[in-house]
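>
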Amino acid sequence: MQLNSLGFPRIGRRRELKFALEQYWRGELSRNELVAQAKALRQTHWQWQADAGVERLPVGDFAYYDQVLTLAATLNVIPERHRDGDKVDLDTLFRVARGRAPSGKAAAAAEMTKYFNTNYHYIVPELHPNQTFSIAWTQLFDEVEEVKALGYDPKPCILGPVSFLYLSKAYGSEFDKLSLLPQLLVTYAELLARFAAQGVSWVQIEEPVLALDLDESWQAAFATAYQAFTCVSVKLLLTTYYGSVAHHADIIQTLPVAGLHLDLVSAPEQLEVFLPRLGQQQVLSLGLINGRNVWAEDLDLIAERIAPVARELGDRLWLATSCSLLHTPVDLDVETALKPELKRQLAFARQKLLELRSLNTLLTVPNGADAAAIAAECVARRTARAQAADAAVAARLDALTKADFERQSAFPERQQQQQQRLKLPLLPTTTIGSFPQTPAIRGLRNRFRKGEISALEYDNQLRQVCRNTIDRQLKLGIDVLVHGEAERNDMVEYFGEQLEGVGFTKHGWVQSYGSRCVKPPLIYGDVSRPKPMTLDWAEYAQSLTDKPVKGMLTGPVTILHWSFAREDISRDTLCKQIALAIRDEVADLERVGIAIIQIDEPAFREGLPLRRCDWKAYLDWAVDSFKLSAACVRDNTQIHTHMCYSEFNDTIAAIAAMDADVITIETSRSAMELLRAFEDFEYPAEIGPGVYDIHSPNTPDVGAMVTLMERAARRIPLRQLWVNPDCGLKTRTWDEVEPALRNMVDATRELRRRL
Ligand code: GLN
Ligand code: ZN
-6 MQLNSLGFPR IGRRRELKFA LEQYWRGELS RNELVAQAKA LRQTHWQWQA
44 DAGVERLPVG DFAYYDQVLT LAATLNVIPE RHRDGDKVDL DTLFRVARGR
94 APSGKAAAAA EMTKYFNTNY HYIVPELHPN QTFSIAWTQL FDEVEEVKAL
144 GYDPKPCILG PVSFLYLSKA YGSEFDKLSL LPQLLVTYAE LLARFAAQGV
194 SWVQIEEPVL ALDLDESWQA AFATAYQAFT CVSVKLLLTT YYGSVAHHAD
244 IIQTLPVAGL HLDLVSAPEQ LEVFLPRLGQ QQVLSLGLIN GRNVWAEDLD
294 LIAERIAPVA RELGDRLWLA TSCSLLHTPV DLDVETALKP ELKRQLAFAR
344 QKLLELRSLN TLLTVPNGAD AAAIAAECVA RRTARAQAAD AAVAARLDAL
394 TKADFERQSA FPERQQQQQQ RLKLPLLPTT TIGSFPQTPA IRGLRNRFRK
444 GEISALEYDN QLRQVCRNTI DRQLKLGIDV LVHGEAERND MVEYFGEQLE
494 GVGFTKHGWV QSYGSRCVKP PLIYGDVSRP KPMTLDWAEY AQSLTDKPVK
544 GMLTGPVTIL HWSFAREDIS RDTLCKQIAL AIRDEVADLE RVGIAIIQID
594 EPAFREGLPL RRCDWKAYLD WAVDSFKLSA ACVRDNTQIH THMCYSEFND
644 TIAAIAAMDA DVITIETSRS AMELLRAFED FEYPAEIGPG VYDIHSPNTP
694 DVGAMVTLME RAARRIPLRQ LWVNPDCGLK TRTWDEVEPA LRNMVDATRE
744 LRRRL
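The opening position of the sequence shown corresponds to residue -6 in my numbering, with each subsequent residue numbered one higher.
If you want it as structure tokens, here you go:
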């Protein structure tokens, strides 16, 4: 059976690509050196795949910034403002992605957005009504040659035309993107023909939009598109991932493609739908090894399940990763400090390729010694996993009753009691939590990590930072203060490090966008909180002032979503375990007198499933988890939450159901338009619509903020409104933050005068 790798992480096991890119951008590395380093990385990654037994090596998974951007450049979809005459080079791509490059004129970067429901961000191609397409960038063809030169068979991996159009954005006058399809197809056909001329036999043509709900015009586009390729002599592997495409089975069945790839990790049930529909000659590639998580698979169970299909299809069955391995860290071998019990449970990209090979062994030589050893390891691993369970956590979850999810009184009663306790002015001012993470703070953390300063010293220095942050807020005249989060490297990692059942890697980096990587925690066991996580900081900060200081926590949904989570229990259950851990912290904060506790849920929306029909189930447990984390407090303790994204219409009922007393949200960039959802829903609680965009270094002016708040006041009753920035301030400098907040407070005073 062929082993099919849908793509390998490009960043390098020591993040070599990240460092090379950043050096190049800073002018410390020549373009030739960058190109040479990138080539070396590709060769290493190809070699690893070939060594694991992968026949056709993916091309196009490598990108200097983003694979969608590479394809857009290939098709000559390059914004006018980033062009430099007719020539397209590496710096053209960087200007599109980052707005600037070592050469060429700076211009606003193209938009970037999350790739489906992953944490990977792609550069959104910009389409204009008079858009034309042509082959303008040869990276893909060059890399095909590189694979051939190594003596292997290249398999180009590109987004298909329908998904490419779908993920692009129409600029200029409103027009239907699909009107560009006929033209686009001509260039795609040219692209495929060039691959064919290079001797390519298979192309992985990816149509991930098939996992979404599509309206009729988009559905119809598939037939048009794939008919246009029948004259091309490469074989197409129509590739889907991240979810079931069974709802589009009728369309998929009619497409003239040589093979189909299904993601059976996210949607195992679709196998039954497609198996009887498969053409006589068609290849079926089954994504059986999870490309989005880090756990070693139960290969023995997978083999058992797939054996009948293998018998039926023979060499028309390919064994594959569920999606590109882009979303997994590169190599477990470099993790030398992991506990052996945990390490045994893991497989990163390299190991996942070996899992493909093992799966092949289990299916093709099931009675050999190798198969026996593989199966034995699977059994041993499961036993170890089961033994690590924490019975107390399970018992606590079992004992929960409905009352544990509900506040004592409804919001109006709570609002009154909170007002009596807090005595806040009209339009209270606050911030979202973090203040600048200065080089000094980062340096401090590095020295502490390296053991150059003691825990006591580290703590003392951070206390000074905290005191200073409180002083500055007092001078600015902010009403509800924060301690500043200087002790936190990352809002999820900070909690993960202190929770039972959560582990960390040293090099488990995953590309988020461009050179930016994240290192998600590993939730491997039952989660609980052995001791308070934030209490000392909250108490210390509150001891410095009579004004309320918010206790600052990350919510259970966000912790779950931004981690690599175990899969042997449901996400619902796991999220509630995390919620109980947060609830313990909430109870402790309240006990020491913290009157306002903020539980951030910026990833709440990201967790939404791809298809609407699956939303309700997710929202139900996500909302319940949040409520569970917060509901233990008295009526006069105020619960805040914070979310930062720009779409509330479709989830407003769920957001209201979270029953927070105050929600702070990002709205300034949409000029308070986003509040319409809250207005229409008659959102019952208090709202802090962000009055300025923290992503910009510019100082927001008083007048603009007054206007925005007046606009907000037309939608939301005045006594429900707060004034705050869009999001946390950790990426800004004090020089930017202080004038911005001074203006924000001035704007609020002006508003209070006027209203
Ligand atoms: N409290 C966090 C901060 O201010 C919230 C960050 C976020 O919304 N992503 O940094
Ligand atoms: Zn935010």
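No residue lacks a Cβ here, since even glycine has one placed at the ideal position from N, Cα and C.
In this text, all values refer to a predicted model and were calculated from it rather than measured experimentally.
Using the rule of at least 16 other Cβ atoms within 10 Å of the residue's Cβ for burial, across every protein chain shown, is Pro693 buried or exposed?
It is buried - the Cβ of Pro693 has at least 16 other Cβ atoms within 10 Å.
> Between His635 and Ile295, how many whole angstroms is the CB-CB distance? I'm expecting something under 8 Å.
Contact flag wrong, Cβ pair sits at about 40 Å.
> What do you reckon, is the C-beta of Gly721 under 6 Å from a heavy atom of the ligand GLN?
Checking every heavy atom of the ligand GLN against the Cβ of Gly721, one is found closer than 6 Å.
> Could you check how far apart the C-beta atoms of Leu603 and Ala204 are, in whole angstroms? I think they sit under 8 Å.
Contact flag correct, Cβ pair sits at about 5 Å.
> Apart from the five residues just before and just after Thr247, which ones in its own chain have a Cβ nearer than 7 Å to its Cβ?
The residues are Ala216.
> So, helix, strand or coil for Asn482, using DSSP?
Asn482 falls in the coil class under three-state DSSP.
> Gly307 and Gln767 - do their beta-carbons sit closer together than 7 Å?
The structure shown has nothing for residue 767, since the chain only spans -6 to 748.
> Might you give, ordered along the chain, the residues of its own chain that have their beta carbon closer than 7 Å to the beta carbon of Thr547, omitting 5 neighbours on each side?
Cβ within range, chain order: Met484, Val485, Phe488 and Asp593.
> Since Ile151 contacts Val196 with CB under 8 Å, what's their CB separation in whole angstroms?
Their Cβ separation, rounded to whole angstroms, is 7 Å, which keeps Ile151 and Val196 in contact under 8 Å.
> Please name the residue, chosen from Arg343, His121, Thr741 and Ala588, that lies closest to Val655 on a Cα-to-Cα basis.
Of the listed residues, the one whose Cα sits closest to Val655 is Ala588.
> Is the Cβ-Cβ distance between Arg350 and Asp324 less than 7 Å?
It is not a contact, given that the beta carbons lie outside the stated cut-off.
> Please state whether DSSP places Pro682 in a helix, a strand or coil.
In this structure, Pro682 counts as strand in the three-state DSSP scheme.
> Going by DSSP, name the residue or residues bridged to Gln197.
For Gln197, which the question treats as bridged, DSSP gives the partners Cys150 and Leu230.
> Using DSSP bridges, identify the partner residues of Ala163.
Paired residue(s): Leu120.
> In the segment 624 to 705, which residue ranges form an unbroken beta strand (DSSP E) of at least 3 residues, counting only runs that do not cross its ends?
The segment 624 to 705 contains these whole beta strand (DSSP E) runs: 631 to 636, 655 to 658 and 679 to 682.
> Identify which residue in Ser661, Glu666, Arg662 and Phe619 has its Cα closest to the Cα of Ala649.
The residue with the shortest Cα to Cα distance from Ala649 is Phe619.
> Please state the DSSP three-state secondary structure of Gly571.
With the sequence shown as reference, residue 571 is identified as Ile, and Gly is not the correct amino acid for it. Three-state DSSP puts Ile571 in a helix.
> Rounded C-beta distance between Val730 and Pro333? I'm assuming under 8 Å.
About 45 Å; that fails the 8 Å criterion.
> Per DSSP, which residues does His114 bridge with? Please list them.
Lys107.
> Apart from the five residues just before and just after Ala574, which ones in its own chain have a Cβ nearer than 7 Å to its Cβ?
Closer than 7 Å at the Cβ level, and outside the excluded window around Ala574, lie Leu492, Val520, Ser521 and Arg522.
> On the DSSP bridge list, what partners appear for His254?
His254 pairs with Thr232 and Ser278.
> In the DSSP assignment, the beta strand (DSSP E) including Ile516 goes from what residue to what residue?
Its beta strand (DSSP E) spans residues Leu515 to Ser521.
> Beta-carbon separation of Gly518 and Ala381 under 7 Å?
Contact: yes.
> Determine, using beta carbons only, whether Gln753 and Met545 come nearer to each other than 7 Å.
For the chain, the structure presents residues -6 to 748; residue 753 sits outside this window and is missing.
> Please go through the same chain and pick out, in chain order, the residues whose beta-carbon is closer than 6 Å to the beta-carbon of Tyr181, but skip the five residues on each side of it.
Contacts found: Pro154.
> At a cut-off of 6 Å, would you count Gly426 as near the ligand GLN, judging by its Cβ distance to the nearest heavy atom?
Yes - the ligand GLN has a heavy atom lying nearer than 6 Å to the Cβ of Gly426.
> Do you know whose CA, among Thr329, Ala697, Asn286 and Leu133, lies nearest Tyr685's CA?
It is Ala697 whose Cα lies nearest to the Cα of Tyr685.
> Can you tell me the Cα-Cα spacing of Leu171 and Tyr159, whole angstroms?
Going by the C-alpha atoms only, they are around 8 Å apart.
> Where does the unbroken beta strand (DSSP E) through Trp311 begin, and where does it stop?
Residues Leu310 to Thr314.
> Between the segment 2 to 22 and the segment 236 to 250, are three or more C-beta pairs nearer than 8 Å?
Cβ pair count under 8 Å is below three, so no.
> Between the Cα of Gln60 and those of Tyr676, Ala43 and Trp130, spot the shortest distance and give me the residue it belongs to.
Of Tyr676, Ala43 and Trp130, the residue nearest in Cα terms is Trp130.
> Assuming Ile198 and Leu229 form a contact by the criterion Cβ under 8 Å, report the distance between their Cβ atoms to the nearest whole angstrom.
Contact holds; Cβ gap of about 5 Å.
> Ile562: which of Ser661, Arg378, Arg465 and Asp464 sits nearest, CA to CA?
Residue Arg378 is the option with its Cα nearest to Ile562.
> State the DSSP-derived secondary structure class of Asn360, mapped to helix, strand or coil.
If DSSP states are grouped into helix, strand and coil, Asn360 belongs with coil.
> Report yes if the C-beta of Arg637 is less than 6 Å from at least one heavy atom of the ligand ZN; otherwise report no.
In the sequence as displayed, the identity of residue 637 is Cys instead of Arg. Because some heavy atom of the ligand ZN lies under 6 Å away, the Cβ of Cys637 counts as near it: yes.
> Please state whether the Cβ-Cβ distance between Asn629 and Gln466 is less than 7 Å.
No.
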